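Participant: The structure is given below, and queries will be raised subsequently.
In the working numbering, the protein residues as written are -5 to 201.
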């Protein structure tokens, strides 16, 4: 915690002072154009990777960058609440769902250890990705461990792109042409981001 306290002091006395006018300007409200959905993994920093400033991204983070299908969680679905607010109130123009390499959530999904009692909440949450589990076992079960993991991480992004389109207000915005969906994959080790290309059905490097 000492490092965090020092960081807060450094932020206030250096960066904030230099950008005080900017922070005063954005303090009255937000107007982001992009909803960025990604994993809770501590190695992922959407603002750092995209070099965006405060106020430019509306960010949702959870274990496994999962978007529960409409009505999958009927009570207290925070992801659905964020989607609704971002699209209907903030009028974001783009939604990015970004997976990443070496994802612990997906490792847990395919691990037999996930069944032990102390991981009950994690097990229940990851059950939303059970369709991914079935797809991987059926079509990619013979791949090497590294290849299997990479494919699973990419396929998970595609699954969430499908899930997000089960929300009526998302479909309405897509049909109206006021919203676009993007599937990204971030490779932590090489710093590259890959975007899903529906024409080639592959994740191509973003330049």
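A virtual CB, placed ideally from N, CA and C, is assigned to each residue, including glycine. In this text the structure is predicted, and so the values were computed from the model without any measurement.
Taking all protein chains shown into account, decide if residue 141 is buried (16 or more other Cβ within 10 angstroms of its Cβ) or exposed.
Facilitator: Within the chain shown, residue 141 is the residue found at index 147, counting from 1. Burial call: exposed.
Participant: In chain order, what residues of the same chain lie with their CB nearer than 6 Å to the CB of residue 93, ignoring the 5 residues before and after it?
Facilitator: One-based indexing of the chain shown puts residue 93 at position 99. The beta carbon of residue 93 sits closer than 6 Å to the beta carbons of 59, 147, 150, 151, 179 from its chain, once the five residues preceding and following it are set aside; these are given in chain order.
Participant: Taking 8 Å as the threshold (C-beta atoms), are residue 81 and residue 167 in contact?
Facilitator: As a working note, residue 167 is residue 173 in the chain shown. As a working note, residue 81 is residue 87 in the chain shown. Yes, the pair counts as a contact, with Cβ atoms nearer than the cut-off.
Participant: Among 83, 103, 62, which residue has its Cα nearest to the Cα of residue 91?
Facilitator: Position 97 of the chain shown, counted from the first residue, corresponds to residue 91. Checked all of 83, 103, 62; the closest Cα to residue 91 is 62.
Participant: Shortest alpha-carbon distance to residue 68 belongs to which of 184, 153, 161, 183?
Facilitator: Working through the chain shown from its first residue, we reach residue 68 at position 74. It is 161.
Participant: Under the assumption that residue 18 contacts residue 49 (Cβ atoms under 8 Å), give the Cβ distance between them as a whole number of angstroms.
Facilitator: As a working note, residue 18 is residue 24 in the chain shown. As a working note, residue 49 is residue 55 in the chain shown. At roughly 12 Å, the Cβ-Cβ gap does not stay under 8 Å, so residue 18 and residue 49 are not in contact.
Participant: Locate the alpha helix (DSSP H) running through residue 150, then write down its first and last residues.
Facilitator: Stepping through the chain shown from its first residue, residue 150 is reached at position 156. Taken as a continuous stretch (DSSP letters only), the alpha helix (DSSP H) holding residue 150 covers 139 to 158.
Participant: Beta-carbon within less than 7 Å of residue 6's beta-carbon, same chain only, minus the 5 sequence neighbours each way: which residues are those?
Facilitator: The residue given as residue 6 occupies position 12 in the chain shown. So no residue of the chain qualifies.
Participant: Ignore the nearest five residues each way along the sequence and tell me which others in residue 10's own chain have a CB closer than 8 Å to its CB.
Facilitator: The residue given as residue 10 occupies position 16 in the chain shown. Result list for residue 10: 17, in chain order.
Participant: Between residue 145 and the rest of its own chain, which residues show a CB-CB distance below 8 Å, the 5 nearest in sequence each way excluded?
Facilitator: Numbered from its first residue, the chain shown carries residue 145 at position 151. Here residue 145 has 130, 134, 137 as same chain residues with Cβ atoms under 8 Å from its own Cβ, once five neighbours each way along the sequence are excluded.
Participant: Using DSSP with H/G/I as helix, E/B as strand and the rest coil, what is residue 121?
Facilitator: Residue mapping note: residue 121 aligns to position 127 of the chain shown, counting from 1. In the structure shown, residue 121 sits in a helix (DSSP, three-state: H, G or I).
Participant: As a quick exercise: from 97, 89, 114, pick the residue whose alpha carbon is nearest that of residue 172.
Facilitator: Position 178 of the chain shown, counted from the first residue, corresponds to residue 172. The shortest C-alpha separation from residue 172 is found at 89.
Participant: Out of 186, 192, 193, state which residue places its alpha-carbon closest to the alpha-carbon of residue 199.
Facilitator: The residue you call residue 199 lines up with position 205 of the chain shown. Answer by Cα proximity: 186.
Participant: I'd like to know whether the C-beta atoms of residue 66 and residue 122 end up nearer to each other than 8 Å.
Facilitator: Position 72 of the chain shown, counted from the first residue, corresponds to residue 66. Position 128 of the chain shown, counted from the first residue, corresponds to residue 122. Contact flag set, yes.
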